[in-house]
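Colleague: Pasting a structure below so you can have a look.
Protein chains in written order, with the working numbering: chain A, 5 to 357; chain B, 135 to 262; chain C, -1 to 171.
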C-alpha cells in the first residue's frame, strides 16, 4: 500500500523532471547542424575547381565522351597543378557544357560526385564570368548560403593567322620551272611537338595541341591567287602527315583519319567566312578565307608523341593551277607565326546550401 | 533517528542521472558548434599562400641567379627575403641554390627551400 | 497513515528536483551561439580573395608580357595599384559589385642604414570615413623582386636589386 508521503515525494520529483525536459529544446536553439559547414564545402569546391587540373590527367578528363564520363574522378579547371588560378578554356567549356539546358553534359549527380563530394546532397550554384561571358551551373541562389569567390585567369587557344603579310614567303618564285608541272599546290602547317612542349615554357603559356584546339586561319586568300582573272582556287583536301624527330631523314607518313566525315567534335573547317561545315575532303572553291580548328579529341586519335612532328597539308588542285601557294608555316612560339591570346581575367563564385 | 529510512534514495539517484544526461547533451551541443569554426581556423592557419609565394620568389631569384651573382647582389636579395620574412611574416625561411647539373637532358640547379612559421614546417628540394 | 517516516521520501524528491533544476539552469545559461564573425569564415574568404588578386596581378598575360605588380612597385604608382586591385577584388559574376576597401605598404630592407626593415606607405588608408568603425581587416602579402635600376634611383628603395614585400590590408565596409 503506497504511503501518501511516498506519493508526495515522487510527485515533486516528477514535476521537476517535466520542467527540466521542457527546457531541453532551448538547449538546441543555437544549433543548425546541416548549415554549419556550407562555407567550408564552398571553399573546398573552390579549391578543387581553381587549383586542381582534375583526374585523370592523361588523357585529360575533358576529352571523355558521354559514355565514358563515369571514369572521371575529379573535375578541376586548372591548366596544371603547377599553375593554380590559371584555368584552361577547354576544361571550362566542358564543365559548363549545356548546363542550363534540358540535356546538360554533366548531371547534378556528376557535380556532386566529382566536384562537391560529401554525403549530404548540397545544392550548388557555380558561376564563372570573364569579360562579357557568364557561365553558370546549378540552381538559383536562396537567401542564405555558404560562399567563396576566386579571381582567375583563363588561357585561351592560340591562332596561326596566315594573311597577305606572308605572300612573298609562301608563293612559288618560279612557277614556270619544270618541277612545278603538276596541278597540285600544297601548303603545310607544321607543329613540332618537341619544340612546342618545351619544359622551360610555363604551362600557362605553353601551346599544347593535346589539350587545346589548334586554329589555322588563312585570310586574304585573294592575294595568293594567280592572276586577276582567277577569283578562287579549289581546296581539294586537308591531310595529316607525321614525322619523327628521332629519324630526321625519313619521309613523312600519312596518318589515317576519318577525313570524309563531318564531325564538329573533332574539327571544324569553315570556308570563305560562312557557317557551313565541310569535311576534310571539301572540294570547295576558296576565294577569301579558310579556317580550320583541330580539336584536342582529334589530336588524341592521331598516333603522336612528344617527339613527333605533325604536318597539316592543305591541297589545292585546279587545272591549270589557280594559286601558287606553297611553303611550310611553323606553328611555334614566334609571335609573327602564331598569335598567342593573352590570359583573360575572370571571377569564379561557388555557392553551397 | 535510529536508522534513517533510505528507501527514497532511488529518487535522488534518478535525479542525478537526469542531471548527468543533461550535462552530456550540453557537451555534445557545445562541441558541435565548433565544427564550422575550427574548419575555417584550420584553413586560415595553414600558410598555403605564403608557401606558394615564397616558392615563386625563390624561383624568380634562381632565374636571375647568374646576373645577381655577377653583380654581387645575390646575398643581398637572399638576406632581404630572410629578414623581412622573420620580421613581417613571423616565419623562419632559408633557401640555397646549387650549381647546374644534368637532369634528364636539361641543365637545372638544385634548390632547397625551408620554411617554418612555428606551426607549419615545410622543406623542399627541387630542380629549377 | 501520515507519519514522519515518509518525510524522507519527500525530502529525497525535493533534493532530486533541486539538483535537476540547478543543472538545467547552469547548462542552458552557458550555451553559446557562434556568430559567423567568431568562426573567422569571412576572414578566410577575404584572405583567399586578396591572395588570388595579388597572384593574378603578379602573372603576366603572355610570355614576356609586363608584370603589373612589379611595374606598380617600381614606379611607385599607388593610385593605379589601388584602382586595379579594387577592380579585381570587387568584381562579381552577377549583380552589383562588392564593397571592399584597401590600404597598402611595401616593406623593404635598408642596407644603408644598418639593415633596418622599413615600411613605405604605398596606398594611404581612405579618409572618407570608412577607415574607422570597419569590420576586422585581413592582411595579404606578396613578394616582389626589383631589378637593379640605373640612377635616378627609386625612392625610397634605392637602386640595388632587392626583394620587397607588398602588404595589403583588405576589409569590407
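The C-beta atom is built at its ideal place from N, Cα and C for all residues, glycine as well.
Roughly how far, in whole angstroms, is the beta-carbon of residue 348 of chain A from the beta-carbon of residue 95 of chain A, given that I think they are within contact range, below 8 Å?
Modeller: Along the first chain, one-based indexing puts residue 348 of chain A at 344. Along the first chain, one-based indexing puts residue 95 of chain A at 91. Residue 348 of chain A to residue 95 of chain A, Cβ: 14 Å. No contact.
Colleague: Three or more C-beta pairs under 8 Å: does that hold for the stretch 50 to 59 of chain A against the stretch 157 to 175 of chain A?
Modeller: No, they do not touch.
Colleague: Closer than 8 Å between beta carbons: that is the criterion. Which residues of the stretch 152 to 173 of chain A meet it against chain C?
Modeller: 152, 153, 154, 155, 156 and 157
Colleague: Measuring straight from C-alpha to C-alpha, what distance separates residue 180 of chain B and residue 186 of chain B?
Modeller: By 1-based counting over the second chain, the position of residue 180 of chain B is 46. By 1-based counting over the second chain, the position of residue 186 of chain B is 52. Their Cα atoms are separated by approximately 12 Å.
Colleague: Taking a contact to mean a Cβ-Cβ separation below 9 Å, would you say residue 143 of chain A touches residue 128 of chain A in this structure?
Modeller: Residue mapping note: residue 143 of chain A aligns to position 139 of the first chain, counting from 1. Residue mapping note: residue 128 of chain A aligns to position 124 of the first chain, counting from 1. Going by C-beta atoms, residue 143 of chain A is nearer than 9 Å to residue 128 of chain A.
Colleague: Compile a chain-ordered list of the residues in the stretch 128 to 147 of chain C whose CB is closer than 8 Å to at least one CB of chain B.
Modeller: 138, 139, 140, 141, 143, 145 and 146
Colleague: Which of helix, strand or coil does DSSP assign to residue 118 of chain C?
Modeller: Residue numbering aside, residue 118 of chain C sits at position 120 when the third chain is read from its first letter. Residue state, collapsed to three classes: strand.
Colleague: How close, in whole Å, do the beta carbons of residue 168 of chain C and residue 48 of chain C come, if the pair is a contact with beta carbons under 8 Å?
Modeller: Walking along the third chain from the start, residue 168 of chain C turns up at place 170. Walking along the third chain from the start, residue 48 of chain C turns up at place 50. Contact annotation, residue 168 of chain C with residue 48 of chain C: C-beta distance approximately 5 Å; criterion of less than 8 Å satisfied.
Colleague: Using a Cβ-Cβ distance cut-off of 9 Å, determine whether residue 320 of chain A contacts chain B.
Modeller: Here the question's residue 320 of chain A lines up with position 316 in the first chain. Answer no: the Cβ-Cβ gap between residue 320 of chain A and chain B never drops below 9 Å.
Colleague: Taking 9 Å as the CB-CB cut-off, is residue 152 of chain B touching chain C?
Modeller: In the second chain, counting from the first residue as 1, residue 152 of chain B sits at position 18. At least one chain C Cβ lies under 9 Å of residue 152 of chain B.
Colleague: Tell me whether residue 89 of chain A is buried or exposed, calling it buried when 16 or more other Cβ atoms sit within 10 Å of its Cβ.
Modeller: The residue you call residue 89 of chain A lines up with position 85 of the first chain. Classification for residue 89 of chain A: buried.
Colleague: Quick one, which of A:211, A:151, A:317 and A:231 has its alpha-carbon nearest residue 291 of chain A's?
Modeller: By one-based count along the first chain, residue 291 of chain A stands at place 287. Checked all of A:211, A:151, A:317 and A:231; the closest Cα to residue 291 of chain A is A:231.
Colleague: So what's residue 90 of chain C in DSSP terms, helix, strand or just coil?
Modeller: Taking the first residue of the third chain as position 1, residue 90 of chain C is located at position 92. Note: residue 90 of chain C maps to coil in three-state DSSP.
Colleague: Residue 129 of chain C by DSSP, collapsed to three states: which one?
Modeller: Taking the first residue of the third chain as position 1, residue 129 of chain C is located at position 131. Residue state, collapsed to three classes: coil.
Colleague: In angstroms, rounded to a whole number, what distance separates the CA positions of residue 246 of chain B and residue 207 of chain B?
Modeller: The sequence position of residue 246 of chain B within the second chain is 112, counting from 1. The sequence position of residue 207 of chain B within the second chain is 73, counting from 1. In this model, residue 246 of chain B and residue 207 of chain B are separated by some 19 Å (Cα to Cα).
Colleague: Judging by CA-CA distance, which residue of C:118, C:110, C:39 and C:25 is the nearest neighbour of residue 71 of chain C?
Modeller: Position 73 of the third chain, counting from 1, holds the residue named residue 71 of chain C. Among C:118, C:110, C:39 and C:25, the Cα nearest to that of residue 71 of chain C is on C:118.
Colleague: Please classify residue 185 of chain A: is it buried, with 16 or more other beta-carbons within 10 angstroms of its beta-carbon, or exposed?
Modeller: Sequence index remark: in the first chain, residue 185 of chain A carries index 181 (1-based). Under this definition residue 185 of chain A is an exposed residue.
Colleague: Over the uninterrupted beta strand (DSSP E) stretch that includes residue 244 of chain B, give me the two end residues.
Modeller: One-based indexing of the second chain puts residue 244 of chain B at position 110. Run containing residue 244 of chain B: 244 to 250, per the beta strand (DSSP E) assignment.
Colleague: Using a Cβ cut-off of 7 Å, pull out every chain B residue sitting near residue 21 of chain A, in sequence order please.
Modeller: Looking up residue 21 of chain A in the first chain gives position 17. Those within 7 Å of residue 21 of chain A in chain B are 152.
Colleague: Would you call residue 202 of chain A buried or exposed, if buried means 16 or more other Cβ atoms sit within 10 Å of its Cβ?
Modeller: On the first chain, position 198 is the one that residue 202 of chain A refers to. Under a 10 Å Cβ-count criterion, residue 202 of chain A is classified as exposed, with fewer than 16 other Cβ atoms of the shown protein chains found around its own Cβ.
Colleague: Please report the straight-line C-alpha distance between residue 100 of chain A and residue 137 of chain A, rounded to a whole angstrom.
Modeller: On the first chain, position 96 is the one that residue 100 of chain A refers to. On the first chain, position 133 is the one that residue 137 of chain A refers to. Cα to Cα, the separation comes out at about 12 Å.
Colleague: Going straight from the alpha carbon of residue 238 of chain B to that of residue 312 of chain A, what length do you get?
Modeller: By 1-based counting over the second chain, the position of residue 238 of chain B is 104. By 1-based counting over the first chain, the position of residue 312 of chain A is 308. When rounded, the distance between both Cα atoms is 19 Å.
Colleague: So if DSSP puts residue 108 of chain C in a beta bridge, which residue, or which two residues, is it bridged to?
Modeller: By one-based count along the third chain, residue 108 of chain C stands at place 110. Residue 108 of chain C pairs with C:114.
Colleague: On the criterion of 16 or more Cβ atoms from any shown chain inside 10 Å, does residue 333 of chain A qualify as buried, or is it exposed?
Modeller: In the first chain, the residue the question calls residue 333 of chain A occupies position 329. By the neighbour-count rule (16 or more Cβ atoms within 10 Å), residue 333 of chain A is buried.
Colleague: May I ask you to report which of helix, strand or coil DSSP gives residue 99 of chain C?
Modeller: The residue given as residue 99 of chain C occupies position 101 in the third chain. Strand at residue 99 of chain C.
Colleague: Beta-carbon separation of residue 48 of chain A and residue 65 of chain A under 9 Å?
Modeller: If you number the first chain from 1, residue 48 of chain A lands on position 44. If you number the first chain from 1, residue 65 of chain A lands on position 61. No, the Cβ-Cβ distance between residue 48 of chain A and residue 65 of chain A is not below 9 Å.
Colleague: Could you compute how far the alpha carbon of residue 255 of chain A sits from the alpha carbon of residue 338 of chain A?
Modeller: Locating residue 255 of chain A in the first chain gives position 251, where the first residue counts as 1. Locating residue 338 of chain A in the first chain gives position 334, where the first residue counts as 1. Distance between the alpha carbons of residue 255 of chain A and residue 338 of chain A is about 26 Å.
Colleague: Run the CB neighbour count on residue 229 of chain A, radius 10 Å, all protein chains shown included, and call it buried at 16 or more, exposed below.
Modeller: Mapped onto the first chain, residue 229 of chain A falls at position 225. Label assigned to residue 229 of chain A: buried.
Colleague: Tell me which residues share the same chain as residue 140 of chain A and place their Cβ nearer than 6 Å to its Cβ, disregarding the 5 neighbours each side in the sequence.
Modeller: Along the first chain, read from residue 1 onward, the residue named residue 140 of chain A stands at position 136. Exclusion of the five residues before and after residue 140 of chain A leaves 131 as the residues of its chain whose Cβ lies within less than 6 Å of its Cβ.
Colleague: Which residues of chain A have a Cβ atom closer than 9 Å to the Cβ of residue 119 of chain C, listed in chain order?
Modeller: For the purposes of this step, residue 119 of chain C is identified with residue 121 of the third chain, where counting begins at 1. Here the premise fails: no neighbours, minimum Cβ distance about 25 Å.
Colleague: Curious, which full-length beta strand (DSSP E) runs of at least 3 residues does the stretch 212 to 246 of chain B contain?
Modeller: 226 to 231, 235 to 237 and 240 to 242
Colleague: Which runs of the beta strand (DSSP E), 3 residues or longer, sit entirely within the stretch 234 to 269 of chain A?
Modeller: Counting whole runs of 3 or more residues, the stretch 234 to 269 of chain A contains the beta strand (DSSP E) stretches 237 to 248.
Colleague: What does residue 17 of chain A touch in chain B if you count any residue whose Cβ is under 8 Å from its own?
Modeller: As a first step, residue 17 of chain A is located in the first chain; it is residue number 13 there, counting from the start. Near residue 17 of chain A (Cβ distances below 8 Å), the residues of chain B are 145, 148 and 149.
Colleague: Tell me, please, whether the CB atom of residue 13 of chain A is closer than 9 Å to any CB atom in chain B?
Modeller: On the first chain, position 9 is the one that residue 13 of chain A refers to. Yes - at least one Cβ of chain B is within 9 Å of the one on residue 13 of chain A.
Colleague: Just to confirm before moving on: does the CB-CB distance between residue 294 of chain A and residue 174 of chain A stay below 9 Å?
Modeller: Position 290 of the first chain, counting from 1, holds the residue named residue 294 of chain A. Position 170 of the first chain, counting from 1, holds the residue named residue 174 of chain A. Going by C-beta atoms, residue 294 of chain A is not nearer than 9 Å to residue 174 of chain A.
Colleague: List the residues that DSSP assigns as beta-bridge partners of residue 157 of chain A.
Modeller: The residue labelled residue 157 of chain A in the question sits at position 153 within the first chain. Paired residue(s): A:90 and A:349.
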